[in-house]
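Numbering (our numbering), first residue to last: 21 to 449.
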């Protein structure tokens with residue numbers, strides 16, 4: 021299962037926009053307020069209404085509200101083109117604003133009616149997948165909000181601990197949900213017990229440990245510990261045992277996301293040998309770079325694709341490091357419409373800031389000082405340029421690329437001027 025295209029009209033900041041998505045990683049880029057999270061919300065709501073038709077999900081369907089309709093427009097419409105097992109489907113949702121109706125006398129009255137929502141999917145899912153709800157392998161939709169590093173430690177119900185495919189879908193597409201670590205720890209404990217009888221279940225938790233170590237190489241030995249009649253996760257960081265609640269926001273956010281996704285893929289696909297690599301899901305992530313060190317940002321895309329190769333990821337980001345790890349056809353820039361950048365993969369962060377994110381790669385004051393220095397160089401006012409260079413070097417340091425470039429250029433021009441003077445002196449003799 022994957023989303024191929026999303027078309028929205030009259031939805032919040034969008035009068036009309038189209039978004040195309042590929043398998044694997046897809047990024048939504050733009051300044052705050054342009055609608056990146058709106059795109060994730062639209063997909064999240066669509067999936068919450070589609071998945072119960074073809075899976076064992078019993079989660080409540082999310083809905084578009086009247087307040088989602090763009091100001092000045094009478095309705096909103098969302099179309100979602102999906103690929104399910106090689107067959108294309110189109111989901112449509114149309115919502116009209118509440119309308120007033122007049123009395124028979126022709127005088128308006130203070131009564132309103134709500135035009136029913138239009139919702140349809142073509143062709144019919146039930147015709148093509150009549151027994152999909154009983155399947156032992158089921159596709160997931162999962163949404164990770166910016167609250168994913170705010171872990172909760174709530175006691176789960178016994179039915180949730182027991183597992184089953186239905187539990188894999190519980191709150192997976194809820195807005196602003198946190199990750200319940202105790203629930204995942206209890207599930208982990210059950211898997212360890214099941215592994216004593218069924219070796220396949222041991223692989224479900226062993227690949228999970230491997231995934232954590234891939235994302236965070238300094239971490240190892242993920243395990244559970246019972247304390248005060250409850251189960252908690254423990255992990256070693258550089259050989260030091262820590263509770264997950266003792267980690268930084270960035271570390272917690274990454275581990276919680278990997279644990280939650282892995283747990284749900286395992287529950288939705290109990291018969292798969294390797295649910296992390298074989299399981300299918302559409303994963304929505306708001307601010308993929310949240311609390312992540314730039315070094316992690318460089319590898320998080322590669323690690324997600326390597327760990328969950330059958331999942332489609334659609335994520336928002338402001339990070340030039342993440343953008344530089346993704347091909348341009350997988351990136352949608354939202355800025356008075358939508359477009360794909362000309363280049364991104366392998367491009368250095370300074371260029372991405374300027375060309376993709378439309379942001380100066382340097383402080384404005386420093387940028388102005390550099391500009392004045394280069395104007396002096398262009399006019400061959402080298403004594404002035406050298407003074408300007410000395411001042412800027414105090415700010416940026418002698419190893420900055422622009423300082424080295426300007427210094428080399430000045431040295432080169434001084435050599436040329438000197439050679440020219442020597443040449444003229446020889447000719448006059």
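Beta carbons: idealized from backbone N, C-alpha and C, even for Gly.
* **Per DSSP, the bridge partner or partners of residue 161** => In the chain shown, the residue the question calls residue 161 occupies position 141. Bridge pairing for residue 161: 302 [DSSP].
* To do: With a 10 Å radius around its C-beta and 16 neighbouring C-beta atoms as the bar for buried, classify residue 360 as buried or exposed.
  => Stepping through the chain shown from its first residue, residue 360 is reached at position 340. Exposure of residue 360 is indicated by the presence of fewer than 16 other C-beta atoms within 10 angstroms of its C-beta.
* **6 Å Cβ shell around residue 82 - same chain, five flanking residues per side excluded** => Taking the chain shown and counting its residues from 1, one reaches residue 82 at position 62. Closer than 6 Å at the Cβ level, and outside the excluded window around residue 82, lie 65 and 68.
* Quick one: measure Cβ to Cβ for residue 311 and residue 269, integer angstroms, because I've assumed they're closer than 8 Å. => Position 291 of the chain shown, counted from the start, is the residue given in the question as residue 311. Position 249 of the chain shown, counted from the start, is the residue given in the question as residue 269. That pair is a contact at about 4 Å.
* What span of residues does the beta strand (DSSP E) with residue 29 cover, start to end? -> Counting from 1 along the chain shown, the entry for residue 29 is found at position 9. Unbroken beta strand (DSSP E) run through residue 29: 22-31.
* **C-alpha distance - residue 55 paired with residue 378, whole-angstrom precision** => Position 35 of the chain shown, counted from the first residue, corresponds to residue 55. Position 358 of the chain shown, counted from the first residue, corresponds to residue 378. Their backbone Cα atoms lie some 17 Å apart in a straight line.
* Asked: Where residue 262 and residue 355 are concerned, what is the direct C-alpha to C-alpha distance, given to the nearest angstrom?
  -> Against the chain shown, residue 262 aligns to sequence position 242. Against the chain shown, residue 355 aligns to sequence position 335. Cα to Cα, the separation comes out at about 43 Å.
* **alpha helix (DSSP H) segment containing residue 111, residue limits** => Counting from one through the chain shown, the residue named residue 111 turns up at place 91. Element bounds for residue 111: not the alpha helix (DSSP H) but the beta strand (DSSP E), 107-116.
* Pick from 201, 140 and 291: whose alpha carbon is nearest that of residue 219? -> Looking up residue 219 in the chain shown gives position 199. Nearest to residue 219 by C-alpha distance, out of 201, 140 and 291, is 291.
* Applying the criterion that 16 or more other CB atoms from any shown protein chain within 10 Å of the CB defines a buried residue, is residue 58 buried or exposed? -> Here residue 58 refers to the residue found at position 38 of the chain shown. Buried is the call here.
* Tell me which same chain residues have a C-beta within less than 6 Å of the C-beta of residue 137, skipping the five on either side of it? -> Taking the chain shown and counting its residues from 1, the one referred to as residue 137 is at position 117. So the qualifying residues of the chain are 115.
* Asked: residue 404 by DSSP, collapsed to three states: which one?
  -> In the chain shown, counting from the first residue as 1, residue 404 sits at position 384. DSSP, read as helix, strand or coil, puts residue 404 in helix.
* Asked: When the Cα atoms are used, what is the spatial distance from residue 130 to residue 35?
  -> Numbered from its first residue, the chain shown carries residue 130 at position 110. Numbered from its first residue, the chain shown carries residue 35 at position 15. With a pLDDT of only 48 at residue 130, under the threshold of 50, the placement of this residue in the model should not be trusted; the figure read from the coordinates follows. Looking at the two C-alpha atoms, the distance is approximately 29 Å.
* **Rounded distance between the beta-carbons of residue 397 and residue 410, thought under 8 Å** => Your numbering for residue 410 matches position 390 in the chain shown. Your numbering for residue 397 matches position 377 in the chain shown. At roughly 14 Å, the Cβ-Cβ gap does not stay under 8 Å, so residue 410 and residue 397 are not in contact.
* What are the residues that DSSP puts in a beta bridge with residue 189? -> Position 169 of the chain shown, counted from the start, is the residue given in the question as residue 189. In DSSP, residue 189 forms no bridge with anything.
* Using beta-carbon positions only, say whether residue 97 and residue 29 come within less than 7 Å of one another. => The sequence position of residue 97 within the chain shown is 77, counting from 1. The sequence position of residue 29 within the chain shown is 9, counting from 1. Inclusion of residue 97 and residue 29 in the CB contact set at 7 Å is warranted, their separation being smaller than that value.
* Measure the C-alpha to C-alpha separation of residue 419 and residue 256 and round it to an integer number of angstroms. => Along the chain shown, one-based indexing puts residue 419 at 399. Along the chain shown, one-based indexing puts residue 256 at 236. Rounded to whole angstroms, the gap between the alpha carbons of residue 419 and residue 256 is 38 Å.
* Inter-residue Cα distance where the pair is residue 272 and residue 352 -> For the purposes of this step, residue 272 is taken as the residue at position 252 of the chain shown. For the purposes of this step, residue 352 is taken as the residue at position 332 of the chain shown. One C-alpha to the other measures close to 28 Å.
* Decide if the segment 83-96 is in contact with the segment 196-206; the criterion is three or more beta carbon pairs, one per stretch, under 8 Å apart. => Not touching, per the Cβ criterion.
* In the DSSP assignment, find the beta strand (DSSP E) that holds residue 103 and state where it starts and stops. => Locating residue 103 in the chain shown gives position 83, counting from the first residue. Boundaries of the beta strand (DSSP E) harbouring residue 103: 95-104, taken from the DSSP string.
* With a CB to CB cut of under 6 Å and the five nearest residues on each side skipped, what residues in its chain are close to residue 164? -> Counted from its first residue, the chain shown places residue 164 at position 144. Within the same chain, Cβ atoms closer than 6 Å to the Cβ of residue 164 are found at 277 and 305, the five residues on either side in sequence being excluded.
* Cα-Cα, which of 221, 394 and 74 is closest to residue 424? -> Numbered from its first residue, the chain shown carries residue 424 at position 404. Per the Cα distances, 394.
* To do: Compare the beta carbon distance of residue 74 and residue 145 with 7 Å and say whether it is the shorter of the two.
  => Here residue 74 refers to the residue found at position 54 when the chain shown is read from its first residue. Here residue 145 refers to the residue found at position 125 when the chain shown is read from its first residue. Taking 7 Å as the cut-off, the Cβ atoms of residue 74 and residue 145 count as close.
* How about residue 161 and residue 71: are their beta carbons less than 7 Å apart? -> Stepping through the chain shown from its first residue, residue 161 is reached at position 141. Stepping through the chain shown from its first residue, residue 71 is reached at position 51. It is a contact, given that the beta carbons lie within the stated cut-off.
* Cβ contact (3+ pairs, closer than 8 Å) linking the segment 38-49 and the segment 319-338 -> Yes, the segment 38-49 touches the segment 319-338.
* To do: Could you spell out the range, first to last residue, of the alpha helix (DSSP H) harbouring residue 263?
  => Here the question's residue 263 lines up with position 243 in the chain shown. Run containing residue 263: none in the alpha helix (DSSP H); it sits in the beta strand (DSSP E), 260-263.
* **Coarse secondary structure for residue 257, derived from DSSP in three states** => In the chain shown, residue 257 corresponds to position 237, counting from 1. In this structure, residue 257 counts as strand in the three-state DSSP scheme.
* Asked: In chain order, what residues of the same chain have a beta carbon less than 6 Å from the beta carbon of residue 101, not counting five sequence neighbours either side?
  -> What you label residue 101 is simply residue 81 of the chain shown in a count that begins at 1. Cβ neighbours of residue 101 beyond the five flanking positions: 24, 25 and 110.
* To do: For residue 222, collect the residues of the same chain with a Cβ closer than 7 Å to its Cβ; drop the 5 residues on either side in sequence, then sort them by chain order.
  => For the purposes of this step, residue 222 is taken as residue 202 along the chain shown, with counting starting at 1. Spatial neighbours of residue 222 in its own chain (CB-CB distance under 7 Å, excluding positions within 5 residues in sequence) are listed in chain order as 215.
* In chain order, each beta strand (DSSP E) run of at least 3 residues that lies wholly inside the segment 24-83 -> Within the segment 24-83, the runs of beta strand (DSSP E) at least 3 residues long that lie entirely inside it are, in chain order, 34-40 and 45-49.
* Are residue 289 and residue 186 close, meaning C-beta to C-beta below 7 Å? -> For the purposes of this step, residue 289 is taken as residue 269 along the chain shown, with counting starting at 1. For the purposes of this step, residue 186 is taken as residue 166 along the chain shown, with counting starting at 1. Not closer than 7 Å, so no.
* residue 407 versus residue 429 - alpha carbon distance -> By 1-based counting over the chain shown, the position of residue 407 is 387. By 1-based counting over the chain shown, the position of residue 429 is 409. In a straight line, the C-alpha of residue 407 is about 14 Å away from that of residue 429.
* Asked: According to DSSP, which residues form a beta bridge with residue 331?
  -> Within the chain shown, the letter at position 311 stands for residue 331. Bridge partners of residue 331: 301.
* Are residue 340 and residue 373 close, meaning C-beta to C-beta below 7 Å? -> Taking the first residue of the chain shown as 1, we reach residue 340 at position 320. Taking the first residue of the chain shown as 1, we reach residue 373 at position 353. Cβ distance < 7 Å, so residue 340 and residue 373 count as in contact.
* Asked: Under a three-way DSSP split, which group does residue 233 fall into?
  -> For the purposes of this step, residue 233 is taken as residue 213 along the chain shown, with counting starting at 1. Helix.
* With a threshold of 16 other CB atoms inside 10 Å of the CB of residue 253, please say whether the residue is buried or exposed. => Locating residue 253 in the chain shown gives position 233, where the first residue counts as 1. Under this definition residue 253 is a buried residue.
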